[in-house]
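Chains as they are written, first to last, in the numbering used here: chain V, 2 to 420; chain H, 2 to 420.
Beneath this line is the structure, given in structure tokens, with notes to follow.
Written as structure tokens, this is what we have:
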């Protein structure tokens, strides 16, 4: 019998199936209301527009759309993105943009060009599960930095950096990974002051900042905050964008904005990784942007998700029991909010009870490189219908109430047995 | 000024832009006849069928095609591939197949799960440039093993392995990378006897065999040879297939066939690398296969490329000067043939002369991990029209004749100065 373990790379041995993605399978039980995945609302997909545009592209330039394309991506699409980026407060050029096979590939390529095994990446606590997977696949050490409602705590970030330098790891400190806008999973937004302080730390300790901002265009309230790449004075920010949340994840399209020298290196890594991103979906997306469909689509999504967010927040307010330590975030955009349970609760136990009541979420541990955050979980509000959001939160509230009762009874029971 | 070099990973420092891909840019000069790229003939793309199928998919299941999909790939597409694989002599199951973003991603993922820095990969001499890039991006040591018209020389492979074991590298020997059918770049096919002997060596020295076979379905003469994965008795072969040459490269779709345990590990690596391959292009391709379009398309391509191969071979016969050491391969399928020049010639010098005459190829060095093969080059016969193939070979023959004259005159000149 062949022993594959002996042949695997060190990084491969560390690869595990994401537990969150395994849990998502449970949520496919019929009748379940799922707040678990991070899926966009399929009812909003602009199917008719995609059909029109695809027919047009195949007629007009089928021979190009079906052929290989340049690793750098379709220049026309990048020109459209230069325009789109301006609306988001980013002045850039075609040469500073690389088209990728969505944000997860961007994370993979960035990890590949910066990380040797055991190098350090500073992440938010909690952070995006796909970031954890990408960095883990290169054997990185991830340091989860304490965060509050305004983002990562700069003093905590700096203290962590200093400790590692003292331990002799200064050559191994590489990346700060931040999801500054309506963070996945916590729904928080990094304030402008924090952004500046993080950049200041990055500059002083010579680190690269990965600004992962898939939801930036989906703000429902409050004021837009300047992107970190725009605040950066020393060419050390790489920003990751995607069409997955504002157009269609099925196209697997995203883009990276960054300093030319870094984009050049990422292009080389991409050439070895997949030659090029689909010219077919790039051509369609170019035409879609050129016709001004994207802005309209973003407005449609914004309106719908804002209503869903409001429905989830009002349902939480209405149905959740009043417990000390039970709270949730109030995101100004994006797809997620974060629930903190009282410390004596375990979101994994609650998950099983919630599944019994036919409602699902993702446990907090999934979003921590060392599987901490035991008494918290993530709720998604983009996928379910508004009616289901109300019903699902009601079920979830009941699960929490029952769990609380059980804990109380157990405590009481315990005190009888061991008086 | 930020010093990125200090922050790059060791693997990233070793990343270089592929020279072949840079040379390809020169070949875009107007009027040039290019035998350089490896592009399929765009005139054969089944644009009408793609349009029909895409419209159908968007109408019928747009909400699924535009959404995220499973990392493993579309099960329906994999079922179609189980059927298709049977025609190619491979009995397999859905669980032994993984859909990937074309063969280059397969190479990247395979490299990722097996290779630590400085691990060894045995490759053919010459070998595929994308394989070199993928293995290089993980810091691998590549050993080019002497090959002849029947493929890699088993005794040379084994001698290389023994030398490395003697040097204490036995733990670092990992992969044998073979393109057995109508190899890119040399156009040769590994004989069944060689396949068996390579597998025997792999088994005795506990190595994994990567069978990369993007052209297998494109045979124009001779008899089909059993795939290595079918000859394998010890679960150590991974076979890579792609839709790029038999359908459309613009879809970026390929598939891996292998032992379940390895497919499982590659799925984990893929999840971290890009979450999933486009459900949109997968749905379209599933429907395309289901309607039986693929077999028809393969027949169309086979007929056209066979005629082009024949045209290139007859033009070479007709126009090339009779020089000792000048020879070329006679591929039974695929997209490429390989020209050996007399030893005193340098294909890089010839390349410049050829460009002057408005004909292009790829120099042999591009296909060697240590840039050897100085007096050889690759010709592609799928992309140019038949008329252009004849004209292009005529120009190439003239370039060689002129180059030969120049060398002779130089020699003569030399002999005058230094009698």
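Where is the CB? At the ideal position from N, CA and C, for every residue including glycine.
Keep in mind that this is a model prediction, so the values were computed, not measured.
Would you say residue i reaches chain V, if we count a Cβ-Cβ gap shorter than 9 Å as a contact?
{"i": "residue 67 of chain H", "result": "yes"}
{"i": "residue 361 of chain H", "result": "no"}
{"i": "residue 372 of chain H", "result": "no"}
{"i": "residue 8 of chain H", "result": "yes"}
{"i": "residue 178 of chain H", "result": "no"}
{"i": "residue 336 of chain H", "result": "no"}
{"i": "residue 96 of chain H", "result": "no"}
{"i": "residue 305 of chain H", "result": "no"}
{"i": "residue 184 of chain H", "result": "no"}
{"i": "residue 273 of chain H", "result": "yes"}
{"i": "residue 386 of chain H", "result": "no"}
{"i": "residue 298 of chain H", "result": "no"}
{"i": "residue 138 of chain H", "result": "yes"}
{"i": "residue 253 of chain H", "result": "yes"}
{"i": "residue 212 of chain H", "result": "no"}
{"i": "residue 64 of chain H", "result": "yes"}
{"i": "residue 377 of chain H", "result": "no"}
Which whole-angstrom value describes the C-beta separation of residue i and residue j, a residue pair presumed to lie in contact below a C-beta threshold of 8 Å?
{"i": "residue 19 of chain V", "j": "residue 278 of chain V", "result": "Not confirmed; about 23 Å, so no contact."}
{"i": "residue 27 of chain H", "j": "residue 361 of chain H", "result": "7 Å"}
{"i": "residue 342 of chain V", "j": "residue 351 of chain V", "result": "7 Å"}
{"i": "residue 397 of chain V", "j": "residue 355 of chain V", "result": "6 Å"}
{"i": "residue 444 of chain H", "j": "residue 13 of chain V", "result": "Residue 444 of chain H falls outside the range modelled here, since chain H spans only 2 to 420, and no answer is possible."}
{"i": "residue 179 of chain H", "j": "residue 164 of chain H", "result": "So it is not a contact: roughly 20 Å between Cβ atoms."}
{"i": "residue 162 of chain H", "j": "residue 154 of chain H", "result": "In fact, because the Cβ distance is near 12 Å, the residues do not count as touching under 8 Å."}
{"i": "residue 334 of chain H", "j": "residue 183 of chain H", "result": "4 Å"}
I need the straight-line Cα distance from residue i to residue j, nearest angstrom please.
{"i": "residue 359 of chain H", "j": "residue 315 of chain H", "result": "20 Å"}
{"i": "residue 46 of chain H", "j": "residue 64 of chain V", "result": "7 Å"}
{"i": "residue 305 of chain V", "j": "residue 395 of chain V", "result": "21 Å"}
{"i": "residue 119 of chain V", "j": "residue 171 of chain V", "result": "12 Å"}
{"i": "residue 158 of chain V", "j": "residue 369 of chain V", "result": "16 Å"}
{"i": "residue 307 of chain V", "j": "residue 42 of chain V", "result": "12 Å"}
{"i": "residue 106 of chain V", "j": "residue 392 of chain H", "result": "43 Å"}
{"i": "residue 318 of chain H", "j": "residue 67 of chain V", "result": "34 Å"}
{"i": "residue 88 of chain V", "j": "residue 258 of chain V", "result": "14 Å"}
{"i": "residue 222 of chain H", "j": "residue 11 of chain H", "result": "46 Å"}
{"i": "residue 220 of chain H", "j": "residue 92 of chain H", "result": "20 Å"}
{"i": "residue 330 of chain V", "j": "residue 62 of chain H", "result": "35 Å"}
{"i": "residue 123 of chain V", "j": "residue 230 of chain H", "result": "43 Å"}
{"i": "residue 357 of chain V", "j": "residue 376 of chain V", "result": "19 Å"}
{"i": "residue 150 of chain V", "j": "residue 72 of chain H", "result": "33 Å"}
{"i": "residue 15 of chain V", "j": "residue 381 of chain H", "result": "41 Å"}
{"i": "residue 84 of chain H", "j": "residue 134 of chain H", "result": "32 Å"}
{"i": "residue 349 of chain V", "j": "residue 313 of chain V", "result": "21 Å"}
{"i": "residue 245 of chain H", "j": "residue 253 of chain H", "result": "7 Å"}
{"i": "residue 8 of chain V", "j": "residue 169 of chain V", "result": "32 Å"}
{"i": "residue 363 of chain V", "j": "residue 117 of chain H", "result": "34 Å"}
{"i": "residue 384 of chain V", "j": "residue 48 of chain V", "result": "17 Å"}
{"i": "residue 403 of chain V", "j": "residue 114 of chain H", "result": "45 Å"}
{"i": "residue 418 of chain V", "j": "residue 409 of chain V", "result": "Residue placement at residue 418 of chain V is poorly supported in this model, since its pLDDT is 44, which falls under 50; the coordinates are not used for a value here."}
{"i": "residue 37 of chain H", "j": "residue 59 of chain H", "result": "37 Å"}
Taking 9 Å as the CB-CB cut-off, is residue i touching chain H?
{"i": "residue 215 of chain V", "result": "no"}
{"i": "residue 117 of chain V", "result": "yes"}
{"i": "residue 44 of chain V", "result": "yes"}
{"i": "residue 41 of chain V", "result": "yes"}
{"i": "residue 389 of chain V", "result": "no"}
{"i": "residue 124 of chain V", "result": "no"}
{"i": "residue 327 of chain V", "result": "no"}
{"i": "residue 59 of chain V", "result": "yes"}
{"i": "residue 31 of chain V", "result": "no"}
For the ligand NAP, is there any heavy atom lying closer than 8 Å to the beta carbon of residue i?
{"i": "residue 299 of chain H", "result": "Because no ligand of any kind appears in the structure shown, any question about the ligand NAP cannot be addressed here."}
Kindly indicate if chain A contains any beta-carbon less than 9 Å away from that of residue i.
{"i": "residue 109 of chain H", "result": "Note that chain A does not occur in the displayed structure, where the protein chains are V and H."}
**Study point:** Sequence ranges, alpha helix (DSSP H) only - wholly within the region 321-348 of chain H, length at least 4
**Key:** none
Practice item. Tell me the start and end of each unbroken beta strand (DSSP E) in the region 353-392 of chain V that is at least 3 residues and wholly inside, in chain order. Key: 377-381
Check your understanding: Is there contact between the region 202-212 of chain V and the region 225-242 of chain V, where contact requires at least three CB pairs shorter than 8 Å?
Key -> yes
Exercise for review: Report yes or no: do three or more beta-carbon pairs, one from the region 295-312 of chain V and one from the region 135-144 of chain H, lie closer than 8 Å?
Suggested key: no
Check your understanding: Fully enclosed by the region 203-251 of chain H, which alpha helix (DSSP H) runs are 4 residues long or longer?
Key -> 229-232
Check your understanding: Three or more C-beta pairs closer than 8 Å, one from the region 72-91 of chain H and one from the region 280-289 of chain H: is that the case here?
Key -> yes
Check your understanding: Is it a yes or a no for the region 320-328 of chain H touching the region 397-412 of chain H, going by three-plus beta-carbon pairs under 8 Å?
Key -> yes
Review point. Which runs of the alpha helix (DSSP H) spanning at least 4 residues fall entirely within the region 19-107 of chain V, listed in chain order?
Key: 20-27, 48-66 and 76-88
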